[in-house]
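>
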Amino acid sequence: MKDHAFIELRGVSKSYGRGEATIRALDQVDLSISAGEFVAIMGPSGSGKSTAMNIIGGLDIPSSGDYLVQGIATATFTRAQLTLLRRHMLGFVFQGFNLLSRTSAVENVELPLVYRGVPARERRLLAQRALEQVGLKGRERHTTQELSGGQQQRVAIARAIVTDPAVLLADEPTGNLDTTTSREIMDLISQLNRERGITVIMVTHEEDIAAYGKRLLRFVDGRLASDEIQAREAGDVLRDR
Amino acid sequence: MFFETVKLAWRAISRNLLRSFLTVLGVVIGVAAVIAMVTVGNGTTAQVQAELSRLGTNTLFVRPGQWGPGRAGTEAKRFEYGDIAAIRDQVSGLRAVAPVNRGSATVIAGGENRTSSVIGTTNDYLIGQDWDLASGRSFLPGEERGQAACIIGETVRRELFGAVDPVGQPIRVSNIACPIVGLLEAKGQSGMGDDQDDTVIMPLKLHQRRIGGTTTISSIILSAQDGVSTAKVQSDVESLLRERRRIGIGREDDFAVADMSQMAAAMTGTTTLLTGLLGAVAAVSLLVGGIGIMNIMLVSVTERTREIGIRLAIGALEKQVLTQFLVEAVMLSVFGGVAGILTGLALAYGVVGLLNVPFVTSPTIILVAFAFSAAIGVVFGYFPARRAAQMSPIDALRHE
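Just so you know, the sequences run in chain order E and R. Under the working numbering, the residues of the first sequence are numbered 30 to 270, in order. Under the working numbering, the residues of the second sequence are numbered 2 to 401, in order.
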């Protein structure tokens, strides 16, 4: 696996709409991300950063070009295969938390395990452990509505990591949070990247949040405008440009 | 996994309990209608059959016109005394040949009066019907020739005489003064639900002259001797009557001779028609109920677009989401079905009590109703469930 980039986009373009109304969200993007990286993606709205995230997350498919995971092209993947990719490789954290309402924290965290067919008892145990990791021990029974924004995002992170994914995809994870809480959440994400070696790909539009990433990608008009290593210790990161 | 799905479905349903209840109301009403109908129908049929078998299998009914709904023999020629005599003389193996004219009249005794059924016949009627007397006697020959004499049923006795022994008392039937010579044994309700004991029996001649205003006979009840084939008697009577009524070869009978099983078939025939009609009404109601479920499932899918997006994003397969919503729809309709079955049985229980027929539940129809309601869930839940399953996760997550 060392030979391959962990995640790779090869000449990926994505357009929406038809004819005159066509919007080119991504234009010939080449990108390669290795295992264990912490990549921050920035760019103005409409720059294609979210589209890139969606393609990496298997939620969207490129109009042209190749998206490869561990060297395997996903172009021929069916919807079900993309789902299985998400299920087994990826964890998602969203700006709006996207927890199930009126459902307890622990049940939210269990959800991905339910679809994996993990037995109830084991599921509960794993979910409790994940909640403990994000610092929510003792709040397992709280429903979404009973938790603060920061706590909800912690539940979402626990839900993303409970399946032990290779990649954590975070789309504006602090977008709905205040500065202090944002910092706590980012510390948590950094910690997961550092201690568990989870590859983190994060979209943000805040410079100070992006600074948590070891590598910073900037998108402009659907193109990758810059790609730089931010931290000195990130020597193992390959620069592909 | 399946248990999870059921739990989830139950949670979704119980969150909107009132809405769920209103949604399934159509199914409840449809199923309840079917169950109630069939149960009451079964009870009536059982009652009719019990009644007919009690009357015996060796009884034949003869009437003008053909059997069947709407074919009462009003235009066909009625019978004459000669027909009775001819049957008695020429058809062998008969135990009783009873001409029967029916009517109803006001019956007065003492200060009391009531409207009862009045039958004009001969002693053969009591023999053919195996109807014994509780007290008194049957008609004397002079009475059979037209002298006033009456035999009354138990209900008439109870209503008009109370504790007094009626035999020997005078009674007025319409405007005929008629001494009571006998009291019939209680017989109870007939298969058609009317009270057979609310009857006054008088000699046919008297009935013809004073009540019917006629000299003809409207029906004949024959009773075959034990061991005699009713089919043989039936064909003998038919050919005799064809001859007497001068019906040419190739022309249809203008009278009918039927035994108990044919009578039963005629009666159940009407019941079947009724059941069919009500069944159609129930089917429409179930269809409407199904559409109601589909409608609310579509609303539910739209409302939960975001939830669906979350599930798809974190690794739910299309078929898992499809199953979730399908199970929800089936659970709704099955709840409706079960509620309908219970309501229907309760309803039938009440109606059966009023009609005084036995409560006969049919496991088959209950199973069918259950399966049918589940099928409604599958059929009408599939489209909304598929819509949920085929959502794009990105769009679903963006949905506000």
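Glycine included, C-beta positions come from ideal geometry on N, C-alpha and C.
Could you tell me the alpha carbon to alpha carbon distance between residue 44 of chain R and residue 279 of chain R, rounded to whole angstroms?
Straight-line Cα distance between these residues: approximately 16 Å.
> Would you grab the beta carbon distance between residue 165 of chain E and residue 182 of chain E for me? Rounded to a whole angstrom, and I think it's under 8 Å.
So it is not a contact: roughly 11 Å between Cβ atoms.
> For residue 144 of chain E and chain R, any beta-carbon pair shorter than 7 Å?
Taking Cβ atoms only, chain R reaches closer than 7 Å to residue 144 of chain E, which makes this a yes.
> Provide the residue span of the alpha helix (DSSP H) that contains residue 374 of chain R, from first to last.
It spans 364 to 390 - the alpha helix (DSSP H) in which residue 374 of chain R sits, taken as one unbroken run.
> Hey, quick one: how far does the beta strand (DSSP E) through residue 102 of chain R stretch, first residue to last?
First-last of the beta strand (DSSP E) with residue 102 of chain R: 95 to 110.
> Let me check understanding here. Comparing Cα to Cα, which of R/184, R/318, R/156 and R/232 lies closest to residue 167 of chain R?
For the residues R/184, R/318, R/156 and R/232, the minimum Cα distance to residue 167 of chain R belongs to R/184.
> If you draw a straight line from the C-alpha of residue 127 of chain R to the C-alpha of residue 40 of chain R, how long is it?
Going from the Cα of residue 127 of chain R to the Cα of residue 40 of chain R covers about 34 Å.
> Looking only at its chain, what residues have a beta carbon closer than 8 Å to the beta carbon of residue 74 of chain R, apart from the 5 residues adjacent to it on each side?
With a pLDDT of only 45 at residue 74 of chain R, under the threshold of 50, the placement of this residue in the model should not be trusted; the figure read from the coordinates follows. For residue 74 of chain R, where only same-chain residues beyond five positions count, the Cβ hits under 8 Å are 64, 65, 66, 67, 255, 256 and 257.
> Helix, strand or coil: which one does DSSP assign to residue 280 of chain R?
In this structure, residue 280 of chain R counts as helix in the three-state DSSP scheme.
> Got a sec, what are the start and stop residues for the alpha helix (DSSP H) residue 71 of chain E sits in?
Element bounds for residue 71 of chain E: not the alpha helix (DSSP H) but the beta strand (DSSP E), 67 to 71.
> Once DSSP output is grouped into helix, strand and coil, what is the label at residue 188 of chain R?
Here residue 188 of chain R sits in coil by DSSP.
> By DSSP, does residue 31 of chain E sit in helix, in strand, or in coil?
Reliability fails at residue 31 of chain E, whose pLDDT of 47 lies under 50, so the model's placement of it is uncertain and the value that follows must be treated cautiously. The answer is coil: DSSP assigns residue 31 of chain E none of H, G, I, E or B.
> Check whether the stretch 196 to 205 of chain R and the stretch 114 to 125 of chain R are in contact - that is, three or more C-beta pairs closer than 8 Å.
Yes, the stretch 196 to 205 of chain R touches the stretch 114 to 125 of chain R.
> Just to make sure I have the definition right: I need the residues of chain E whose C-beta is within less than 8 Å of the C-beta of residue 321 of chain R. Which are they?
By Cβ distance, chain E contributes 144.
> Does the contact criterion of 3 or more C-beta pairs under 8 Å hold for the stretch 221 to 231 of chain E versus the stretch 53 to 61 of chain E?
At 8 Å Cβ cutoff, the stretches do not touch.
> Are the C-beta of residue 83 of chain E and some C-beta of chain R separated by less than 7 Å?
Answer yes: the Cβ-Cβ gap between residue 83 of chain E and chain R drops below 7 Å somewhere.
> So that I know if they touch, is there some Cβ in chain R lying closer than 7 Å to that of residue 248 of chain E?
It does not; no Cβ of chain R falls within 7 Å.
> Using a Cβ-Cβ cutoff of less than 6 Å, which residues in the same chain neighbour residue 145 of chain R once the five nearest sequence positions on both sides are dropped?
Excluding sequence neighbours, residue 145 of chain R sits near 123 and 204.
> Could you list which residues in chain R have their beta carbon closer than 8 Å to that of residue 127 of chain E, in chain order?
Ordered by position in chain R, the residues that pass the 8 Å Cβ test against residue 127 of chain E are 307, 310, 311, 314 and 398.
> Which same chain residues, not among the five before or five after residue 238 of chain R, have their C-beta less than 8 Å away from its C-beta?
So the qualifying residues of the chain are 61, 63, 88, 92, 223 and 258.
> From residue 137 of chain E to residue 185 of chain E, what does the alpha carbon distance come to, in whole angstroms?
Computed Cα separation, rounded: 8 Å.
> Can you find a C-beta in chain E that's less than 7 Å from the C-beta of residue 388 of chain R?
No, its Cβ sits nowhere closer than 7 Å to a Cβ of chain E.
> Considering just the uninterrupted stretch of the beta strand (DSSP E) at residue 2 of chain R, what are its terminal residues?
Counting along the chain, residue 2 of chain R falls outside any beta strand (DSSP E), and DSSP gives it neither H nor E.
> Helix, strand or coil, according to DSSP, for residue 251 of chain E in the structure here?
Residue state, collapsed to three classes: coil.
> Which partner residues of residue 96 of chain E appear in the DSSP bridge assignment?
Answer is E/38.
> In the stretch 323 to 336 of chain R, which residues sit with their C-beta less than 7 Å from some C-beta in chain E, listed in chain order?
So nothing in the stretch comes that close.
> Could you check what DSSP says for residue 9 of chain R in three-state terms: helix, strand or coil?
Helix at residue 9 of chain R.
> With a threshold of 7 Å between beta-carbons, can residue 141 of chain E be considered close to chain R, or not?
So, interface residue.
> Using alpha carbons as the reference points, say which of R/79, R/298, R/14 and R/116 lies closest to residue 245 of chain R.
Checked all of R/79, R/298, R/14 and R/116; the closest Cα to residue 245 of chain R is R/79.
> Using DSSP with H/G/I as helix, E/B as strand and the rest coil, what is residue 210 of chain E?
In the structure shown, residue 210 of chain E sits in a helix (DSSP, three-state: H, G or I).
> Can you give me the C-alpha to C-alpha distance between residue 34 of chain E and residue 229 of chain E, rounded to a whole angstrom?
Cα-Cα distance, rounded: 14 Å.
> For chain R, check one thing: does any of its Cβ atoms lie closer than 7 Å to the Cβ of residue 200 of chain E?
Answer no: the Cβ-Cβ gap between residue 200 of chain E and chain R never drops below 7 Å.
> Could you tell me which residues DSSP pairs with residue 44 of chain E in its beta bridges?
Paired residue(s): E/53.
> Given this structure, state the Cα-to-Cα distance separating residue 207 of chain E from residue 178 of chain E, to the nearest angstrom.
Roughly 9 Å between the two C-alpha positions.
> Taking the beta carbon of residue 40 of chain E as the centre, do at least 16 other beta carbons fall within 10 Å, making it buried, or is it exposed?
It counts as exposed.
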